[in-house]
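Under the UniProt record's numbering, the sequence shown has 97 at position 97, and the numbering climbs by one with no breaks. Just so you know, even glycine gets a beta-carbon here, dropped at the ideal spot from N, CA and C. The model shown is predicted, which means the values in this text are computed figures rather than measured ones. Here the structure is laid out as structure tokens; the discussion comes afterwards.
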Amino acid sequence: MTTPDDKDRQLDQVRVNPNHDSRLTTDQGIPVDDTDNSLKAGERGPTLMEDFHFREKITHFDHERIPERVVHARGAGAYGYFEVTDPLTEYTAAEFLRDTSLRTPVFVRFSTVAGSRGSADTVRDVRGFATKFYTRQGNFDLVGNNMPVFFIQDGIKFPDFVHAVKPEPNNEIPQASSAHDTLWDFVQLQPETTHMMMWLMSDRALPRSFRMMQGFGVHTFRLVNEEGVGTFVKFHWKPKLGTHSLVWDETQKIAGKDPDFNRRDLWEAIEAGNLPEWELGVQLVPADREHAFDFDLLDATKIIPEEEVPVRPVGRLVLDRNPDNFFAETEQVAFHLGNVVPGIDFTNDPLLQARLFSYLDTQLIRLGGPNFTQLPVNRAVADVRNHQRDGYHQSMVHTSRAAYHPNSLSGGCPAVVAEGAFTHYQERVDGNKIRKRSESFADHYSQATLFWNSMSDWEKEHIVSAFRFELGKVDHRPIREGVVANLNNVDHDLAVAVAEGVGVEPPAQPTTNHGRTSPALSQANAPHDSIETRKIAILAADGVDTGDVRSLREALSAVGAIPEVLAARDGTVEGSEGPVEVTRALPTVGSVLYDAVIVPGGKESVTALEADGSAVQFVAEAFKHGKAIGAIGDGIRLLSSARLNGVNNHGEALTADQGVVMQSASGVTGEFVEQFVMAVAAHRHHNRDLAPVPA
Ligand code: HDD
1 MTTPDDKDRQ LDQVRVNPNH DSRLTTDQGI PVDDTDNSLK AGERGPTLME
51 DFHFREKITH FDHERIPERV VHARGAGAYG YFEVTDPLTE YTAAEFLRDT
101 SLRTPVFVRF STVAGSRGSA DTVRDVRGFA TKFYTRQGNF DLVGNNMPVF
151 FIQDGIKFPD FVHAVKPEPN NEIPQASSAH DTLWDFVQLQ PETTHMMMWL
201 MSDRALPRSF RMMQGFGVHT FRLVNEEGVG TFVKFHWKPK LGTHSLVWDE
251 TQKIAGKDPD FNRRDLWEAI EAGNLPEWEL GVQLVPADRE HAFDFDLLDA
301 TKIIPEEEVP VRPVGRLVLD RNPDNFFAET EQVAFHLGNV VPGIDFTNDP
351 LLQARLFSYL DTQLIRLGGP NFTQLPVNRA VADVRNHQRD GYHQSMVHTS
401 RAAYHPNSLS GGCPAVVAEG AFTHYQERVD GNKIRKRSES FADHYSQATL
451 FWNSMSDWEK EHIVSAFRFE LGKVDHRPIR EGVVANLNNV DHDLAVAVAE
501 GVGVEPPAQP TTNHGRTSPA LSQANAPHDS IETRKIAILA ADGVDTGDVR
551 SLREALSAVG AIPEVLAARD GTVEGSEGPV EVTRALPTVG SVLYDAVIVP
601 GGKESVTALE ADGSAVQFVA EAFKHGKAIG AIGDGIRLLS SARLNGVNNH
651 GEALTADQGV VMQSASGVTG EFVEQFVMAV AAHRHHNRDL APVPA
């Protein structure tokens, strides 16, 4: 159990457990002796109006649902804390970014964007990464995504974009998918989407886990120090476990096997004490360098390449507590970009400015009135004292007589004081009223090209396949052509490769590629050094080598992985030296729910697995998805049955650098474990010949 923080203590005042030592009552506190039979006129007669318990129960039930979020409806959240490790005292007045002795409580909600509340987790989509910092100076919300850019430059286009990506209006198809005509129609006509579409078609849209994805504040914000000096800032979250993705075929299967895959992963990791952790980084740009870049800092479709402005690590975010109640906390949490504390301010980014309006507005409809800030998850731990009164669901009893300012009846309180107050950054602005996009926002392609150039070969292949999949679902041919023509402005080879897959004429005119790269953008360059919390399947049947299973369990647990023994049935299998406990039955899982698989030795066990199609498929599918595969002694036979008999289709031997680790001698050796751990840490092996592997 973690030490309670200010937010936890505050929540404790409203936590109730009706299951604990209590009797059933109505909402009025009247004890109830029967909640299974309504009050009737005679045993077989009609229900009576006067049955207040019945009416109350049904009425409450009828009103249990609230509107889901118009975007980011599906999500999962957790509490935790933030600590600053490298104080930003020089740049900001925000105490939680200056004082290393503070542990600021947070609530973080991760989400997908397009799908409904009940949609699957592993769809191709952006992931939301929204953090509410309950600071002593008030709540600060950093409402970001797992991609550093956005689809549009001006928030007035947000309804257009969302209408295009959401299911189509006539039949509400497809759910949680961008692979349909309306989205791509919008994309081809709105070239500012190009950079973000490159991210969306990349593996970033398929995170292995919320715990293994980056987060970005996206916009350029401003830090303001105690002297009122402003510095531009971009916020970055870097996951401690590295940034890792699933592969497309796998995501589609997970969506059926376990639609809650990412949500469950977060929940289980926290329950098991494997606390998810991110480093907060900042890119700082002095005010006088505002125009020093070949893009506009106010344009949310642009990154500041890390090679131009390095990301400075400044703090640490840890999630350590699951919510007690999904609806009360994760569903009712209300983020708002406008929640800033002294020392953090906005810029004139037109997307950011629109968001300042939208978030507050949306909570009014979603949470039913202006008092949603009093909901337990939303309440600040800082004192809240003002003249806001009344409204639906007012749950405070304000006892003061004067609810206005200025007043003398309450001694002028609450008083406005300069010290510690939020003062807006004093920026000089002037201009004519004008509906126009700045010329400095006009380049929609250079950074899309930069992203493409920075990808490894396998990342490029995945991007091409994603475009082919998505456009292949678009019925209206001219839309496919429009997208391909637009991609030609990013890279000619990309446009040709996509065109070939979707049956449209490749663009004739090659365009120039500037040739620049930003290595930090590639997931291939992310650290691959840990197998902590990776789920590893050990396939077993009667006769399995008990020593192998024991050694594997011990060795893998020792490096923080989660080994699970899978067999045809739950319970135990009879190993060579007695019973081996089964973690899960094969029919209830599937290789897609694991990061790697090992087949231990044991002649009889392997023969049984060879005869079990689901075990053979398990190995073949893990291979197809690039996962580490290990086999010891007889276990190697199962790899042959799965047609991975040590030789790929080009007649070359599969080697450990392709993530297939085999040891013909029986018994688990230190060398085997070391090689297997390295193969798992590499996350996926994209240097395999996958074409002949059945889907
Ligand atoms: Fe937004 C929710 C992130 C642009 C309007 N947005 C929402 C959430 C995240 C983001 C993570 C879910 C918060 C939660 O978990 O409750 N949104 C972004 C990012 C954007 C962005 C990173 C671009 C940089 N959003 C954006 C624009 C608008 C909105 C331009 C409107 C003009 N967003 C909303 C909203 C939502 C929302 C309608 C839906 C539910 C909610 O706010 O609370 O107000």
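Inset, instruction - State the DSSP-derived secondary structure class of Gly77, mapped to helix, strand or coil. - result: The answer is strand: DSSP assigns Gly77 an E or B state.
Inset, instruction - Hey, could you find the ends of the alpha helix (DSSP H) Leu450 is sitting in? - result: Its alpha helix (DSSP H) spans residues Ser446 to Ser454.
Inset, instruction - Flag Ala76 as yes when its Cβ comes closer than 6 Å to any non-hydrogen atom of the ligand HDD, and as no otherwise. - result: The answer is no for Ala76.
Inset, instruction - Under 6 Å Cβ to Cβ from Ala682, same chain only, skipping five residues before and after it: list those, please. - result: Counting only Cβ-Cβ distances below 6 Å, and skipping sequence neighbours, we find His528.
Legend entry - Ranges of the beta strand (DSSP E) found wholly within the stretch 161–231, counting only runs of at least 3: The beta strand (DSSP E) runs of length 3 or more contained entirely in the stretch 161–231 are, from start to end of the chain, 221–224.
Inset, instruction - Please find out if some non-hydrogen atom of the ligand HDD comes closer than 6 Å to the beta-carbon of Asp144. - result: According to the sequence as given, residue 144 is Gly; it is not Asp. At least one heavy atom of the ligand HDD lies less than 6 Å from the C-beta of Gly144.
Legend entry - Cβ contact (3+ pairs, closer than 8 Å) linking the stretch 324–341 and the stretch 122–142: Segments in contact, yes.
Legend entry - Runs of beta strand (DSSP E) wholly within the stretch 91–161 (minimum 3 residues, chain order): The stretch 91–161 contains these whole beta strand (DSSP E) runs: 104–112, 127–135 and 138–145.
Inset, instruction - Give a single yes or no on whether Arg109 has its beta carbon closer than 6 Å to a heavy atom of the ligand HDD. - result: True, at least one ligand heavy atom lies under 6 Å from that Cβ.
Legend entry - Integer-rounded CB distance, given that Glu459 should sit under 8 Å from Leu241: With 8 Å as the limit, Leu241 and Glu459 do not qualify as a contact, their Cβ atoms being about 19 Å apart.
Legend entry - Beta-carbon proximity check, Asp475 vs Asp181, cutoff 7 Å: Yes.
Legend entry - Cα-Cα separation between Asp21 and Pro31, rounded to whole angstroms: Between the C-alpha atoms of Asp21 and Pro31 there is a straight-line separation of about 14 Å.
Inset, instruction - Just tell me which of Lys624, Ala611 and Val677 has its CA closest to the CA of Arg553. - result: Checked all of Lys624, Ala611 and Val677; the closest Cα to Arg553 is Val677.
Inset, instruction - Count the other CB atoms, across all protein chains shown, that sit within 10 Å of the CB of Gln28; report buried if there are 16 or more and exposed otherwise. - result: Classification of Gln28: exposed, given that the 10 Å Cβ count is below 16.
Inset, instruction - Answer with buried or exposed for Ser178, where buried requires no fewer than 16 other C-beta atoms within 10 angstroms of its C-beta. - result: Counting the other CB atoms within 10 Å of its CB gives Ser178 a total of 16 or more, which places it among the buried residues.
Inset, instruction - May I ask which residues mark the beginning and end of the alpha helix (DSSP H) holding Thr572? - result: First-last for Thr572: Thr572 to Gly575, but that is the beta strand (DSSP E), not the alpha helix (DSSP H).
Inset, instruction - Would you tell me roughly how many angstroms separate the C-alpha atoms of Arg389 and Ala403, rounded to the nearest one? - result: Our two residues, Arg389 and Ala403, have alpha carbons roughly 7 Å apart in a direct line.
Inset, instruction - Could you have a look at His236 and say whether DSSP puts it in helix, strand or coil? - result: Residue state, collapsed to three classes: strand.
Inset, instruction - Return the first residue and the last residue of the alpha helix (DSSP H) that Leu360 is part of. - result: Taken as a continuous stretch (DSSP letters only), the alpha helix (DSSP H) holding Leu360 covers Pro350 to Arg366.
Inset, instruction - Determine the burial state of Thr243: buried for a count of at least 16 other Cβ atoms within 10 Å of its Cβ, exposed for fewer. - result: Answer is buried; the Cβ neighbour count reaches 16.
Legend entry - Simplified DSSP state of Val502, which is helix, strand or coil: Three-state result, Val502: helix.
Inset, instruction - Can you tell me the Cβ-Cβ gap for Ser456 and Ala524, rounded? I've got them flagged as a contact below 8 Å. - result: In this structure Ser456 touches Ala524 by the C-beta definition: roughly 4 Å separates them, less than 8 Å.
Legend entry - The alpha helix (DSSP H) enclosing Lys535, as first and last residue numbers: According to the DSSP assignment, Lys535 belongs to no alpha helix (DSSP H) but to the beta strand (DSSP E) extending over Lys535 to Leu539.
Inset, instruction - Determine the contact status of Asp349 and Leu284, defining contact as a CB-CB distance below 7 Å. - result: Their beta carbons are not under 7 Å apart, which means Asp349 does not touch Leu284 by this criterion.
Inset, instruction - Return yes when the C-beta of Val661 is under 6 Å from any heavy atom of the ligand HDD, and no when it is not. - result: Because no heavy atom of the ligand HDD lies under 6 Å away, the Cβ of Val661 does not count as near it: no.
Inset, instruction - Using 10 angstroms around the beta-carbon of residue 700, count the other beta-carbons present and answer buried if the total reaches 16, otherwise exposed. - result: This structure gives no information on residue 700, because the portion of the chain shown stretches from 1 to 695.
Legend entry - Beta bridge counterpart(s) of Ile629 as assigned by DSSP: Ile629 pairs with Val597 and Val660.
Inset, instruction - Could you tell me if Asn378 is buried or exposed, where buried requires 16 or more neighbouring beta carbons within 10 angstroms of its beta carbon? - result: By the neighbour-count rule (16 or more Cβ atoms within 10 Å), Asn378 is buried.
Legend entry - DSSP three-state assignment for Gln283, whether helix, strand or coil: In the structure shown, Gln283 sits in a strand (DSSP, three-state: E or B).
Legend entry - Residues near Leu266 in its chain [Cβ-Cβ closer than 6 Å; skip 5 each side]: Here the set comprises Ala76 and Phe210.
Legend entry - Assigned secondary structure, Arg468 (DSSP; H/G/I helix, E/B strand, else coil): Three-state DSSP puts Arg468 in a helix.
Inset, instruction - Tell me, to the nearest whole angstrom, how far the beta carbon of Phe221 is from that of Val233; I am working on the premise that it is less than 8 Å. - result: Going by Cβ atoms, the distance from Phe221 to Val233 rounds to 5 Å, so yes, they are a contact pair.
Inset, instruction - Can you tell me which of the three DSSP states Leu485 falls into? - result: Sequence inspection shows Ala at residue 485; the Leu mentioned does not correspond to that position. If DSSP states are grouped into helix, strand and coil, Ala485 belongs with the helices.
Legend entry - Endpoints, alpha helix (DSSP H) assigned at Asp548: Counting along the chain, the alpha helix (DSSP H) containing Asp548 begins and ends at Thr546 to Ala558.
Legend entry - Thr669 Cβ short of 6 Å to the ligand HDD heavy atom set: Residue side-chain check: Thr669 keeps its Cβ at 6 Å or more from all non-hydrogen atoms of the ligand HDD.
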